[in-house]
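S.K.: Protein chains in written order, with our numbering: chain A, -17 to 167; chain B, -15 to 71.
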């Protein structure tokens, strides 16, 4: 019952915000900004820059709110706008490059370890080269397909696959090193 | 750690994570929204004015066309005969 109420409230809030009702816009911002800043922070290491990108993302959200058809989840719709905004920011700052070298598929060894916190996970992802990071986050966390990643990043599907593979390989090496350091291998 | 477990954790924990924006971030966005709406209003006014101007030009052209193709000549363009010729 509460979920239905919440959904109805959000629908109404979206309608009002689309008509430039500032209070409704503020409520939507307060409800979603925490998660959206987290999305931007995944792609952009500097938190201040991530926040700037999130704000311009929200500007686009409110500008195009009339185009939101209430067909999918509102959060999913905002997330996609944020991801595009991050890509555009990284591209304009020339931070997006995709390291290409030989692509083979050797076995990735597996090790056992305890749970990692969100911050530990973020630190490991932050250490990846930009292209690997982007593709890894888009594929493994945001759930984009290789064809979608290729279109958004203007690369081929093959490049997307190889970047993901290399990201995984590098992450695995880091996890092994971390486990060895903690003596859990 | 098995890589697939790492990915599962990464997906769950990073998707759930929330980072509080800095104080005053809403005000910053509000300011940007205000500027953007102002710009939109100006753009709309410019668009409307262009449309009115174009409509007026079209209207004038249509009147010219109508005058050219009609046999009727407006009275004020005819030379006056003067009052003496009436009878």
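For glycine and all other residues, C-beta sits at the position ideal for the given N, C-alpha and C.
Starting from residue 19/A, find everything on chain B with Cβ-Cβ shorter than 9 Å and list it in chain order.
M.R.: On the first chain, residue 19/A is found 37 positions in, with the first residue counted as 1. Per Cβ cutoff of 9 Å: 2, 3, 4, 5 and 9.
S.K.: Are the region -1 to 7 of chain B and the region 13 to 28 of chain A touching by the rule of at least three beta carbon pairs closer than 8 Å?
M.R.: yes
S.K.: Here's a check: name, in chain order, each residue in its chain whose Cβ is nearer than 7 Å to the Cβ of residue 19/A, leaving out the five neighbours to either side.
M.R.: In the first chain, residue 19/A corresponds to position 37, counting from 1. Once the five neighbours on either side are set aside, the close Cβ partners of residue 19/A are 32, 33 and 36.
S.K.: Using the Cβ count rule (16 or more neighbours within 10 Å means buried), how would you classify residue 54/A?
M.R.: What you label residue 54/A is simply residue 72 of the first chain in a count that begins at 1. Taking all protein chains shown into account, residue 54/A has fewer than 16 neighbouring C-beta atoms within 10 Å of its C-beta and is therefore exposed.
S.K.: Measure the CB-CB distance between residue 112/A and residue 72/A and report whether it falls below 8 Å.
M.R.: Within the first chain, residue 112/A is the residue found at index 130, counting from 1. Within the first chain, residue 72/A is the residue found at index 90, counting from 1. Taking 8 Å as the Cβ cut-off, residue 112/A and residue 72/A qualify as a contacting pair.
S.K.: Do the region 137 to 149 of chain A and the region 114 to 126 of chain A make contact, defined as three or more Cβ pairs closer than 8 Å?
M.R.: With a cut-off of 8 Å on Cβ pairs, the region 137 to 149 of chain A is in contact with the region 114 to 126 of chain A, counting three or more such pairs.
S.K.: Under 8 Å between beta-carbons, which chain D residues line up against residue 31/B? List them in chain order, please.
M.R.: Although the question refers to chain D, the structure presented lacks it and instead comprises the protein chains A and B.
S.K.: Are the region -3 to 10 of chain A and the region 8 to 23 of chain B in contact at 8 Å, needing three or more beta carbon pairs?
M.R.: yes
S.K.: Alpha helix (DSSP H) containing residue 121/A: first to last residue?
M.R.: What you label residue 121/A is simply residue 139 of the first chain in a count that begins at 1. First-last for residue 121/A: undefined, no H or E at that position.
S.K.: What distance in whole Å lies between the Cβ atoms of residue 49/A and residue -7/A, which are believed to be in contact at a cut-off of 8 Å?
M.R.: By 1-based counting over the first chain, the position of residue -7/A is 11. By 1-based counting over the first chain, the position of residue 49/A is 67. Between residue 49/A and residue -7/A the Cβ distance is about 15 Å, and since that is not below 8 Å, they are no contact.
S.K.: Going along chain B, which residues have a C-beta under 8 Å from residue 108/A?
M.R.: Locating residue 108/A in the first chain gives position 126, counting from the first residue. Against chain B, a Cβ distance below 8 Å from residue 108/A picks out nothing, because the smallest value is about 12 Å.
S.K.: Residues in its own chain within less than 6 Å of residue 155/A by CB, not counting five upstream and five downstream?
M.R.: By 1-based counting over the first chain, the position of residue 155/A is 173. Closer than 6 Å at Cβ, skipping near neighbours: no residue.
S.K.: Could you check the C-alpha separation between residue 18/B and residue 50/B for me, to the nearest Å?
M.R.: Taking the second chain and counting its residues from 1, the one referred to as residue 18/B is at position 34. Taking the second chain and counting its residues from 1, the one referred to as residue 50/B is at position 66. Approximately 47 Å between the Cα atoms of the pair.
S.K.: Please list, in chain order, the chain B residues whose beta carbon lies closer than 9 Å to that of residue 44/A.
M.R.: Position 62 of the first chain, counted from the first residue, corresponds to residue 44/A. Per Cβ cutoff of 9 Å: 13, 17 and 20.
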